Every structure is written in structure tokens, then in C-alpha cells.
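Student: Numbering-wise, full-length UniProt numbering puts 230 at position 230 of the sequence shown, and it's gapless, one number per residue.
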Amino acid sequence: MLACSVLFFSCHQNSSSPTDTPTTGEIKIGVDESFAPILESHVDTFMGLYKYAKINAQYAPEGQVMQALLQDSIRLAVATRPLNKEEKAAFEREKITPTVIKIAIDGIALIINKTNTDTTLTMQQVRDIFTGKATNWNQVTGAGTNGPITIVFDNSNSSTARYILDSINFKQPLPGNTYATKSNRNLVDYIAQNKNAIGVIGVNWISDRDDSTTTNFLDKVNVVGISTKTNPTSVEDYIQPYQAYLAQGTYPLRREVFIISREARTGLGTGFASFVSGDKGQRIILKSGLVPASMPVRIVGFSEEEE
1 MLACSVLFFS CHQNSSSPTD TPTTGEIKIG VDESFAPILE SHVDTFMGLY
51 KYAKINAQYA PEGQVMQALL QDSIRLAVAT RPLNKEEKAA FEREKITPTV
101 IKIAIDGIAL IINKTNTDTT LTMQQVRDIF TGKATNWNQV TGAGTNGPIT
151 IVFDNSNSST ARYILDSINF KQPLPGNTYA TKSNRNLVDY IAQNKNAIGV
201 IGVNWISDRD DSTTTNFLDK VNVVGISTKT NPTSVEDYIQ PYQAYLAQGT
251 YPLRREVFII SREARTGLGT GFASFVSGDK GQRIILKSGL VPASMPVRIV
301 GFSEEEE
């Protein structure tokens with residue numbers, strides 16, 4: 001009986017002790033669902049390189065991902081913000097020092113129905129829409145589409161909704177004409193079917209022109225160009241969320257992307273984070289149309305020469 005007890009205790013310890021290494025084992029990670037296309041590529045490539053590694057990625061709204069990280073349900077999180085004051089305090093109480101790594105620069109894109117002619121907006125007009133000051137399209141530009149504006153997010157707890165509340169509304173609540181769908185795909189479909197709707201989506205979903213999902217989305221909706229000028233004088237004053245403009249900082253709705261790891265040892269989470277922030281992982285981000293954090297983006301300029 002004593003021998004059996006010792007054997008059971010030993011087995012119990014081994015089953016609960018982490019056995020993963022930077023390139024082997026199995027872990028769970030959480031990913032803000034607005035980055036699903038890019039992180040799916042990272043996970044697939046990483047597991048293709050290291051056949052004894054298994055990354056179980058859970059894609060969810062950013063709020064749920066951060067909560068899972070605090071509850072130790074996942075080893076690391078991919079989010080559009082670093083830890084806030086309360087989250088830092090929670091980790092301090094557990095005597096854990098999380099690792100925070102910036103991996104990319106992303107953006108927020110505004111999308112509208114193909115029949116909507118108001119494809120350019122100033123930042124002031126954007127604020128008027130999201131604070132409820134403008135509730136009809138004819139209040140935005142005085143021309144073009146006429147009809148009640150419907151604001152649509154992928155999820156009420158998503159990082160895109162938080163971005164609008166923090167950076168556009170400055171903590172003012174969203175108006176009553178705001179709705180949420182269940183996913184980014186549902187969001188695009190809703191915009192494609194409703195001429196007065198305006199949607200908020202991560203640039204990640206529309207930036208990779210080689211991806212069939214991206215091209216399918218762009219066939220259904222128009223992407224809004226945004227100007228920071230109060231009185232734009234030409235089309236060139238309106239900026240689209242292209243990679244070069246994200247890199248230059250001229251597109252106004254930009255945000256950063258981070259990996260936050262609670263791993264206290266050099267395990268599979270550390271290995272995956274190093275991969276994403278390393279050369280191969282940053283190249284995946286570059287190809288996707290976002291701006292990698294540690295790799296320069298080549299910007300080619302064209303100028304007209306007089307003959």
C-alpha cells in the first residue's frame with residue numbers, strides 16, 4: 001500500500017508539473033479574435049516547424065482573452081493593449097511578472113455598404129457618428145446617402161469597440177443606434193446587406209490581398225478613407241488603412257499589438273512568443289499587410305518627372 005501511495009503521488013506530481021519546452025509540448029493561448037487570420041498563420045507555421053509542439057489557440061473578444069489570462073486559463077494572450085493598472089496589481093499579488101512584447105502595428109478600418117457614396121470622412125465626422133451627434137447620413141456630408149446610420153461592431157466586448165470608446169469618444173458612451181454581431185464575418189455580411197450601416201473592423205481582416213477571405217470581404221464592402229484635416233481640399237487628404245500609411249503614422253486610427261505572457265519559465269509560450277516576434281513571425285505580419293514591430297517596411301515613393 002505504501003508503495004502504491006508513493007507511486008500515485010509521484011504520478012500526480014508529474015501530471016501537474018509543466019513538461020513543455022520552447023519547441024515541444026502543448027499549451028493554450030488566447031487571441032483577440034480581430035487577429036484570427038494572422039495568428040492562425042503563425043500557429044500553423046510554428047507547429048509545422050516543430051512537430052512536437054501543439055498550440056491550442058482560442059479566439060475570443062479581447063475582454064474575455066484578458067480575463068482568461070488573469071485566471072490562468074491560458075499561458076499567453078495576444079491583445080491590442082498592454083496590461084492596465086488593475087491587471088498589473090493582480091499579477092503582483094500572485095508574484096508573477098508578465099512579459100509584454102510589441103509585435104505589430106494594426107489599425108481600425110471603417111467599412112460601409114457598396115451603395116453608400118460617402119466613402120470619405122474627416123475625423124470630426126467620425127466622432128459625430130460615434131458620439132451620436134450625427135444619426136443620419138445627410139448630417140454627415142449634406143449629400144450622398146440619406147438614411148438613419150446604424151453602427152455595427154463584431155462584439156460589444158471587442159478590442160475595436162474599446163478603441164472607439166477610448167480614442168474616438170474619449171469615454172463617452174456609444175449612441176443607441178449601435179449594434180453588435182457575433183463575428184467579423186457576420187459584421188461584413190451585415191454591412192453588405194444594409195445600405196445605411198457603418199462597421200468597425202480590424203485592418204487585419206482586409207489587408208492581405210493574397211488571402212481569399214480578404215478579397216471576398218472587399219468585394220462586399222467599401223473601406224472609408226479618413227482625413228485628419230478639418231477642411232480637406234482634395235482626395236489625397238483622405239487616408240486609407242494601407243500598410244505604408246500605418247507605418248508612416250498618417251492613418252489616424254492606428255493601434256499596437258502585444259503578446260502578454262504569464263509564463264514564469266522558458267516553456268512553449270516563450271518559444272511561440274519568440275517565434276512571432278522573430279524574423280519568421282515578423283515576415284508573416286509584413287505579408288499580411290500590417291506593420292511588424294521589429295522589421296522595417298519598405299515604402300516606395302513615385303514622383304512625376306517633367307519631360
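Built from N, CA and C at the ideal position, the CB exists for glycine as well.
Remember, it's a predicted structure, so these values are computed and weren't measured experimentally.
How would you call Met1, buried or exposed, if buried means at least 16 neighbouring beta carbons within 10 angstroms?
Tutor: Here the question's residue 1 lines up with position 1 in the sequence shown. Note that Met1 scores a pLDDT of 46, beneath 50, so its modelled location is shaky and nothing firm can be said.
Student: Excluding the 5 residues flanking Pro232 on each side, which residues of the same chain have their C-beta closer than 8 angstroms to its C-beta?
Tutor: Walking along the sequence shown from the start, residue 232 turns up at place 232. Thr120, Thr122 and Tyr238.
Student: Within its chain, find whatever has a CB closer than 6 angstroms to the CB of Lys28; leave out the 5 residues flanking it on each side and keep chain order.
Tutor: For the purposes of this step, residue 28 is taken as residue 28 along the sequence shown, with counting starting at 1. Cβ within range, chain order: Asn56 and Ile74.
Student: From Asp20, Pro37, Thr230 and Arg254, pick the residue whose C-alpha is nearest to that of Lys54; which is it?
Tutor: Taking the first residue of the sequence shown as 1, we reach residue 54 at position 54. Among Asp20, Pro37, Thr230 and Arg254, the Cα nearest to that of Lys54 belongs to Asp20.
Student: With a 10 Å radius around its C-beta and 16 neighbouring C-beta atoms as the bar for buried, classify Asn136 as buried or exposed.
Tutor: Numbered from its first residue, the sequence shown carries residue 136 at position 136. Exposed, by the Cβ-count rule.
Student: Per DSSP, which one or two residues make a beta bridge with Lys102?
Tutor: Working through the sequence shown from its first residue, we reach residue 102 at position 102. Answer by DSSP bridge pairing, in chain order: Phe258.
Student: Across which residues does DSSP place Lys54 in a beta bridge pair?
Tutor: Taking the first residue of the sequence shown as position 1, residue 54 is located at position 54. DSSP lists Glu26 as partners of Lys54.
Student: Buried or exposed for Phe35, going by 16 or more other Cβ atoms inside 10 Å?
Tutor: Taking the sequence shown and counting its residues from 1, the one referred to as residue 35 is at position 35. Phe35 should be labelled buried.
Student: Cα-Cα, which of Phe258, Ser227, Val257 and Ile149 is closest to Tyr245?
Tutor: On the sequence shown, position 245 is the one that residue 245 refers to. Of Phe258, Ser227, Val257 and Ile149, the residue nearest in Cα terms is Ser227.
Student: Using beta-carbon positions only, say whether Ile206 and Leu83 come within less than 8 angstroms of one another.
Tutor: Within the sequence shown, numbered from 1, the residue matching residue 206 stands at position 206. Within the sequence shown, numbered from 1, the residue matching residue 83 stands at position 83. Cβ distance not < 8 angstroms, so Ile206 and Leu83 don't count as in contact.
Student: According to DSSP, what are the bridge partners of Ile226?
Tutor: The residue you call residue 226 lines up with position 226 of the sequence shown. The partner list for Ile226 (beta bridge, DSSP) reads Leu121 and Ile239.
Student: Taking only three categories from DSSP, how would you classify Phe153?
Tutor: Reading the sequence shown from its first residue, position 153 is the one you call residue 153. Residue state, collapsed to three classes: strand.
Student: Which residues in the same chain as Val291 place their Cβ atom closer than 7 angstroms to its Cβ, once the five residues preceding and following it in sequence are excluded?
Tutor: The sequence position of residue 291 within the sequence shown is 291, counting from 1. Ala104, Ile105, Gln243, Leu246, Ala247 and Val297, listed in sequence order.
Student: Please state whether the Cβ-Cβ distance between Ile129 and Ile201 is less than 8 angstroms.
Tutor: Taking the first residue of the sequence shown as 1, we reach residue 129 at position 129. Taking the first residue of the sequence shown as 1, we reach residue 201 at position 201. It is not a contact, given that the beta carbons lie outside the stated cut-off.
Student: Suppose you measure from the CA of residue 308 to the CA of Asp208; what does that come to, to the nearest Å?
Tutor: Because residue 308 is not part of the residues shown, which for the chain are 1 to 307, the question remains open.
Student: So, for Phe217: in the same chain, excluding its five sequence neighbours on each side, which residues have a beta-carbon less than 7 angstroms away from its beta-carbon?
Tutor: Here residue 217 corresponds to residue number 217 of the sequence shown, with the count starting at 1. So the list reads Val188, Trp205 and Ile206, once near-sequence residues are dropped.
Student: Identify the residues that DSSP records as bridge partners of Asn136: which are they?
Tutor: In the sequence shown, residue 136 corresponds to position 136, counting from 1. The partner list for Asn136 (beta bridge, DSSP) reads Pro148.
Student: Measure the C-alpha to C-alpha separation of Thr181 and Leu69 and round it to an integer number of angstroms.
Tutor: Counting from 1 along the sequence shown, the entry for residue 181 is found at position 181. Counting from 1 along the sequence shown, the entry for residue 69 is found at position 69. Rounded to the nearest angstrom, the two C-alpha atoms are 24 angstroms apart.
Student: Any idea what DSSP makes of Ala180, helix, strand or coil?
Tutor: For this step, residue 180 is matched to residue 180 along the sequence shown. Residue state, collapsed to three classes: strand.
Student: Of the residues Arg265, Gln125 and Ile111, which one's Cα is nearest the Cα of Thr214?
Tutor: For the purposes of this step, residue 214 is taken as residue 214 along the sequence shown, with counting starting at 1. Among Arg265, Gln125 and Ile111, the Cα nearest to that of Thr214 is on Ile111.
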